[in-house]
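Take a look at the structure below.
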Amino acid sequence: MNTWLKRARETPRKILKYKEANWNIKNDLTTTRNTINILYDSSDTDALWNIFKIASSQINRVKYQFTKALCNHICTSMSLWAKTQQLPPEYLKQIETIYATQFPIEVRHYFAEWIEEQPWSQVDENNSQHEQYAVQLLVNLVQLIQDKSDELPTTGDFFLLKLRFQNVIDQLREKYEPSPLAFVKVVKSCLNLEEALVNQAENPSLVIEDPTVQQLATNKQISKDIETLQTWTSVTDAEIKQLQDKQEALIIQWKNSPQITAQLGNGIQQLQQKLEFVKTQIQQTQQGGGDNHAELEKLRNEKDELMTREKDMSAQLKNVQTELAAKAQEVIELRSTLLTKYKKSFLFLEDVQKKVIDVELIAWKRKQQLSGNGAPIEEKLLDRLQSWSESLAEIIWKSRQQILQFEVLRTRLPLNTSTENQSDILPDLNQKITALLSSLVTSTFVVEHQPPQVLKKESRFTAKIRLLVGGKLNIHMNPPTVKASIISEEQARGLLKSDVTAKDADSGDILNKEGTMEYHDGKGELSIQFRNMQLKKIKRADKKGTEAVTEEKFCILFQSDFQLGINGELMFQVWTLSLPVVVTVHGNQECNALATVLWDNQFAEPGRTPFQVPSQVSWTLMSQLLNTKFQSVTGRGLCAENLKYLASKVFGGKPTDEYSNHNINWSLFNKDTLPGRSFTFWEWFYAVMRLTKDHLKNLWCDKTIIGFVSKQQAQEWLQMRPVGTFLCRFSDSELGGVTIAWSAEDPKSPGERQVWNLAPYGTKEINIRTLADRIKDLPQLTHLFPDIPKDQAFSKYYTTDTLPDIKDPEGYIKTHLINTLTTPGAAPMNYDNPSTPQAIGYSGPDSPASIYSQPISTPGSNVTSTNNNLMDLGAIAEASEDDMLDAFISLDYNADNLNDMSLMEILPSMMANN
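Residue numbering for the sequence shown follows UniProt numbering, starting at 1 and increasing by one per position.
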């Protein structure tokens, strides 16, 4: 009894040690324990025993409650990554695919706990003000990986893992340090995908709305459908072989049946004759009388035997006919069953092929078109499409062969039954399956790598063509030849209208335009890489109204032909068009040509007539285009404030206005000049983008350049900051210029603050001395807006001023340029004068702050003095008209932009010509 009581008292105590048990369970356990404690002091053994059994029952009930609660707690507290690892193989494959393209799966595995503990949902990847949080998350993760790597030994398999961690750190820094919010977006996307797949695995009927998950589900369904078709094809292949065996047996039996029937008929006739003879003998014997019972009995036995033999042979004759009819009916039914299966299989095959060709392949082409604007595209997407296309090609080809075999079998043994004649869908099915194959082959002849969409005459360019079904159907055994030609927009329209003459038309001459496709065993692809094409001549159409040559669209037509089947029974003529290209003859046309290309890529609608695009689009769609392109070129995209500033520049409002409901047309984008300027919005944006890419990329990605902010907004910000606070913004008044605005003391009113702007720096000035070095040169600039010390923000971009103590080959000591600034003494900033304050030295549209040549105490600079390169302004008077014309021609200027020309650019060319 004491042992039972001790066990009863200890059990609740043990269970109470688990903190996971909820409060109700704890109360039940406490009540049970108190009851036992009271009973333990009682002397009534029977009562103790009865109550102990009740208490034991309560304990068991509480144990069950606790176990259930504990299991629920464990299940709910299991990490998402732990649940993900328990997913079925098909889901894990999807997880592997998404991590292979977006985020290192090793990081997800080894740092799962830390990743799931972070407040990702609280960081808005579309809010630039949350970027500091994104930076901290990225820095913390990189540090965790580094710490883990440092802990690992350098022996065995740990060495490889250590190297992998270091590679991952480099990848994360390179990819996400310029855009940490993109890092947050990717991680959130991966976690959402995991959660969605886990939920779908636990609830198969759950409908998921996440596009990534939906795409993975679509991929899975297509693969599953193809596997189903492959199974059906294998089944029908076995059944048609069975039909062939049965039909051949029927034919043999049918061929032998006349002989067997004749033999049986003759045998029956002979038996009947013998039977008549025996019957006659019996009658004669009976009429003769006498003692002939023995002979009569013998004749009767012979008669019975003959009758039995006749009956057996008659049954055999009937069985031959019945069996032949049964086998014929069996063949008919098997034919009917096969036709039904072929019809069902064809309908399903047609549906799956539509998903692959009309949906997935078209989607890939759209993604490829958007990638021309800088949008990312999954590298292995085309490989997946090829895998599906090859599987479909094999299924279609086998199905077609089976149908042809079926037709041959039916020809060999025609069975003209009403059922078979009424359900004869074979001719139509054969035609449709061949059309399905033709559609698949012609649709999978694609441009894998597009030619440049801004195509400069006389420049070499490349393109890659791929036949997705080329690895199957034995096409690669006799690789086809591909020919390229350039055609106009009108000719492309004719081609889509099945104009046979359009294939022979062209609008120019291309060198190295033909080649033979090659089969690559390792990749399993049949393709051709045009490496040295060159456009030598272009035929332009008549201009339409105010359309410029940079708005005229062409495309490259790639075409080929080849045969399939025995003796080339199927002839295919395949062709495909590249994305629209704009042909230029000079570098200064690139800007406007690119505008045409970007507009076409972004706003082209599926199934359009070449190459029609809407004349206006919403600002929301336009901002997606600008952000995508700028991010792909510079490494960091545009935030909401940047886009609002751009909208205000286009529509003439304020950056604080709402522009989501506005529309922008082509004229506003790249036809009409901005108010008070000589250039269009796109020309200004393009120049900023080029400047950032070529000279300011690191500064832009580091956020040391605000860039897209108006002069007025910059003044409002800086007037509230201490003297010496500055910011870098893109010039409103000049193409491809970056200016510095800073807060300074007004020399006329001590104690009051004014905002000043340096004249913009263009490509030439930054080539001479970088923006970071120019900022270092100016002591007036102390803190980057809002309050970052100048050296903290820019020091890593400073170039060293310590020069080697050597002379050049001529014995001259070289000089070094330093940026200087005179103390502002003029009136405060004028919004109509972007060059406030004026620089010392020459002044022009592109003039920077004062730059002059100073010898450095340590000689050896490879930067020559400005004074050595610039001639006296008086030389203008001495220059002839021919000198000035030659100097102009030597420069890369668009004739439409003569007003933007800097006189200081022409002078060195005039000197060189003289």
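All residues carry an ideal CB built from backbone N, CA and C; glycine is no exception. The model shown is predicted, which means the values in this text are computed figures rather than measured ones.
Chain-order list of residues whose beta-carbon lies under 7 Å from that of residue i (same chain, five-residue window excluded)
| i | result |
| --- | --- |
| residue 162 | 149, 152, 154 |
| residue 589 | 550 |
| residue 532 | 460, 512 |
| residue 895 | Reliability of the predicted coordinates at residue 895 is poor, the pLDDT of 39 falling under 50, and the value obtained from them is presented with this limitation in mind. Result list for residue 895: empty, nothing under 7 Å. |
| residue 295 | 285 |
Under 8 Å between C-beta atoms of residue i and residue j
| i | j | result |
| --- | --- | --- |
| residue 186 | residue 102 | yes |
| residue 769 | residue 817 | yes |
| residue 582 | residue 544 | no |
| residue 923 | residue 160 | Within the shown structure, residues of the chain are numbered from 1 to 914, placing residue 923 beyond reach of any answer. |
| residue 578 | residue 463 | yes |
| residue 306 | residue 275 | yes |
| residue 375 | residue 628 | yes |
| residue 619 | residue 659 | yes |
| residue 772 | residue 755 | no |
| residue 510 | residue 484 | yes |
| residue 777 | residue 820 | yes |
| residue 201 | residue 88 | yes |
| residue 180 | residue 135 | yes |
| residue 320 | residue 240 | no |
Sequence-distant residues of the same chain with beta carbon closer than 6 Å to residue i, five excluded per side
| i | result |
| --- | --- |
| residue 528 | 465, 482, 515, 517 |
| residue 585 | 457 |
| residue 616 | 663, 665 |
| residue 77 | Residue confidence is low: residue 77 scores 48 on pLDDT, short of 50, so the model does not pin down where it sits. Its coordinate-derived value is still stated next. Around residue 77: no qualifying Cβ. |
| residue 573 | 561 |
| residue 443 | 357 |
| residue 634 | 692, 693, 697, 700 |
| residue 451 | 461, 463, 556, 578 |
| residue 489 | 553, 610, 611 |
Whole-angstrom distance between residue j and residue i, CA atom to CA atom
| i | j | result |
| --- | --- | --- |
| residue 447 | residue 796 | 43 Å |
| residue 384 | residue 378 | 10 Å |
| residue 264 | residue 313 | 6 Å |
| residue 96 | residue 156 | 26 Å |
| residue 425 | residue 238 | 21 Å |
| residue 495 | residue 467 | 20 Å |
| residue 277 | residue 288 | 17 Å |
| residue 732 | residue 640 | 19 Å |
| residue 487 | residue 525 | 28 Å |
| residue 410 | residue 404 | 10 Å |
| residue 113 | residue 137 | 14 Å |
| residue 775 | residue 781 | 7 Å |
| residue 506 | residue 766 | 45 Å |
| residue 650 | residue 788 | 32 Å |
| residue 432 | residue 439 | 10 Å |
| residue 536 | residue 81 | 58 Å |
| residue 815 | residue 188 | 54 Å |
| residue 677 | residue 760 | 16 Å |
| residue 184 | residue 601 | 28 Å |
| residue 247 | residue 323 | 13 Å |
| residue 686 | residue 109 | 43 Å |
| residue 133 | residue 190 | 19 Å |
Neighbourhood of residue i by C-beta distance below 8 Å, restricted to the same chain and skipping five residues each side
| i | result |
| --- | --- |
| residue 785 | 706, 717, 718, 721, 725, 726, 727 |
| residue 623 | 638, 643, 646, 647 |
| residue 872 | Low confidence applies to residue 872: its pLDDT is 36, below 50, so where it sits in the model is not reliable enough to give any reading. |
| residue 222 | 352, 355, 356, 360, 388 |
| residue 345 | 229, 232, 233, 236, 399 |
| residue 832 | Bear in mind that a pLDDT of 39 at residue 832, under 50, signals an unreliable position, so the model cannot answer this. |
| residue 271 | 306, 309, 310, 313 |
Local Cβ density within 10 Å of residue i, reported as buried at 16 or more and exposed below that
| i | result |
| --- | --- |
| residue 609 | exposed |
| residue 576 | buried |
| residue 798 | exposed |
| residue 709 | buried |
| residue 580 | buried |
| residue 176 | buried |
| residue 293 | exposed |
| residue 520 | exposed |
beta-carbon residue i near the ligand MG non-hydrogen atom, thresh 7 Å
| i | result |
| --- | --- |
| residue 91 | The ligand MG is not among the ligands present in this structure, which contains no ligands whatsoever. |
Given 8 Å, three or more beta-carbon pairs between the region 466 to 485 and the region 503 to 522: Per the Cβ contact rule, the region 466 to 485 is in contact with the region 503 to 522 (3 or more Cβ pairs under 8 Å).
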